[in-house]
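**Q** Numbering (the numbering used here), first residue to last: 19 to 438.
Cβ atoms here follow ideal geometry from the backbone N, Cα and C, with glycine treated the same way.
Let me give you the structure first, and then I'll get to my questions.
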C-alpha cells in the first residue's frame, strides 16, 4: 500500500469530520409543538403502546430498520486481534455499506471482552433495541459458539457476515464459474486452503448446494484434515475423511476448484499446474491473494480466477450480500436468517451476472463492455439490480419457510433506495 494511499485513507476517515456515519432526523423538530410530540409529554403515548404490545416498537421507533454491527475486534480484516476500539473504523464502514446499498440504518457496537459468555450476555441484553444483529470480525472458534448461542437467545435475526456473507457470495461466483468451465458442483474436487470461520462456512454452504463431502479437502496450518488426524477440532472434523493427501500439493492433483481463505502467496505456480483442466481459483486472502492473478494467468491459460480485491476481475465482495439479505429479512420481520434464505440470496446474486450489464454499471466501473464469462462471474457492487433481486428472494424464502412475521411486501421488488 503506497504512502499516498495510506494518507488518503486517513484523510477520508477524518475529513470533513471524523468518522463515516452520523445520526439524521427523520421528522420535524422545528416548533414547540414538534418538541412536545418528540419528547415530553407526547413521547408517553408510544411508550405506553409499546409497554402493552412490544411489537408496537416496530411501528413507533427505528427498530424495524436498525441493525447493530457488533465486534470484539479479535479478527479484524486481515490484521488480527487488535482489540475492540481498533475495529471501530471497520464497523462504521459496515454501517456505511448497509445505508448506501440497502437503506438500512446501522450502528456499530464494540464489546470489550474476548470471553464468549460475556460477549453473548452483553449482546442478548441489548438485542431488542435492534431489528437485526450483524456480527463481525470475531475470531474462530469462538465465533461459532457466539453466533449459535445468540441465534437461540435473541428475538431478532443474527448473522455472522464473516461466515455466511463470504459463503453466499463465494457460492454465487463459484456456481457460475463451474457453469462456464463446463463442470458441476456435485462432481467437482474442491480444495479449501484455510479452516477458519469463513472457510468452514463456505464449504458447509457448498455441500448444502450439492458438493460431496468426500470431494472437499480442507487444509489448515498443519496440513490436510484427514480422518484419524490427531488434534482436529469438532468443527473441523466434519471435513475429515479417508484420504492419502497430506499436503496442499497432494490435494491439488486433479482438483477442479481451489478456494483460498488463508494468507498471501501460499499457492505457487507449480502447485497450480497440478489442477485439472479449466481450473477455478478463488484466491480470497486480503489484501494479498494466495497467488497473484498475473502469475496465475501466466501459469494457466484455461483459468477462471476470483479474488477479494476490487482492482482485479471477479471480486468476491460481501457487500453483494449482507445489505440486501438484511433488507429482505427486515422487511418481512424475519425471526432468523435460515439456510433457505441464504440459498435464495446465492441464486439471486448469481442470476444477475448472466443478465446484460447496464450502462450505469459500465460507467461506474469505467468499462466499455462486460458480459458473463471468465472475467465476469459475479455482479459488480454498484449494480442496482442487487437491491431489486436479492431482498425480494430473501423475503420470499423467509415467508415460504415460516420465519417471516409479516407478509411479502406489496411494494416489492424494490427499485431504488428511494422506495425504502
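#1: The ligand FAD and residue 285: does the residue's C-beta get closer than 7 Å to at least one heavy atom of that ligand?
#2: In whole angstroms, give me the CA-to-CA distance for residue 427 and residue 421.
#3: Going by DSSP, name the residue or residues bridged to residue 456.
#4: Does the beta-carbon distance from residue 277 to residue 300 come in below 8 Å?
#5: Taking the alpha-carbon positions, what's the residue 173 to residue 398 distance?
#6: What does the alpha-carbon distance come out to for the pair residue 231 and residue 213?
#7: What is the residue span of the beta strand (DSSP E) that residue 148 lies within?
#8: What are the partner residues of residue 323, as DSSP defines its beta bridges?
#9: For the pair the region 121-135 and the region 87-104, tell me if three or more CB-CB distances fall below 8 Å.
#10: Alpha carbon to alpha carbon, how far is residue 236 from residue 313? Give it in angstroms, no decimals.
#11: Tell me the rounded alpha-carbon separation between residue 394 and residue 65.
#12: Which of the three DSSP states, helix, strand or coil, is assigned to residue 275?
#13: If I measure Cβ to Cβ from residue 76 and keep anything under 8 Å in the same chain, skipping five residues before and after, which residues do I get?
#14: Near residue 67, what residues of its chain come up, given a Cβ to Cβ distance below 6 Å and the 5 sequence neighbours on each side ignored?
#15: Would you kindly work out how many angstroms separate the C-alpha atoms of residue 307 and residue 282, rounded to a whole number?
#16: Out of curiosity, what's the CA-to-CA distance linking residue 134 and residue 239?
#17: Determine contact between the region 372-384 and the region 318-328, defined as no fewer than three beta-carbon pairs at a distance below 8 Å.
#18: Along the chain, where does the alpha helix (DSSP H) that runs through residue 442 open and close?
#19: With burial defined as no fewer than 16 other Cβ atoms inside 10 Å of the residue's Cβ, what is the status of residue 41: buried or exposed?
#20: Taking the Cβ atom as the reference point for each residue, do residue 361 and residue 227 lie within a distance shorter than 8 Å?
#21: Measure the alpha-carbon distance for residue 260 versus residue 412 and round it to whole angstroms.
#22: I'd like to know whether the C-beta atoms of residue 242 and residue 274 end up nearer to each other than 8 Å.
#23: For the region 109-123 against the region 398-408, are there 3 or more C-beta pairs whose distance is under 8 Å?
#24: Just mark residue 175 as buried or exposed, buried being the case when its beta carbon has 16 or more other beta carbons within 10 Å.
#25: According to DSSP, is residue 229 part of a helix, a strand, or is it coil?
#26: Where in the region 152-227 do unbroken runs of the alpha helix (DSSP H), each at least 4 residues long, occur, reported from the N-terminal end onward?
**A** So, from the listed chains and residues:
#1: The model depicted lacks the ligand FAD and carries no ligand whatsoever.
#2: 15 Å
#3: Nothing can be reported for residue 456: it is not among the residues displayed for the chain, which extend from 19 to 438.
#4: yes
#5: 33 Å
#6: 15 Å
#7: Element bounds for residue 148: n/a, residue is neither H nor E.
#8: 299
#9: When Cβ pairs closer than 8 Å are counted between the two stretches, the region 121-135 is seen to touch the region 87-104, the count reaching three or more.
#10: 24 Å
#11: So the alpha carbons of these two residues sit roughly 51 Å apart.
#12: strand
#13: 82, 149 and 351
#14: 74
#15: 5 Å
#16: 24 Å
#17: The region 372-384 is not in contact with the region 318-328.
#18: Any property of residue 442 remains undetermined from this structure, which presents the chain solely from 19 to 438.
#19: exposed
#20: yes
#21: Roughly 37 Å between the two C-alpha positions.
#22: No, Cβ-Cβ distance for residue 242 and residue 274 is not below 8 Å.
#23: yes
#24: buried
#25: Three-state DSSP puts residue 229 in coil, outside helix and strand.
#26: List check, alpha helix (DSSP H) in window: 160-171, 179-199 and 215-226.
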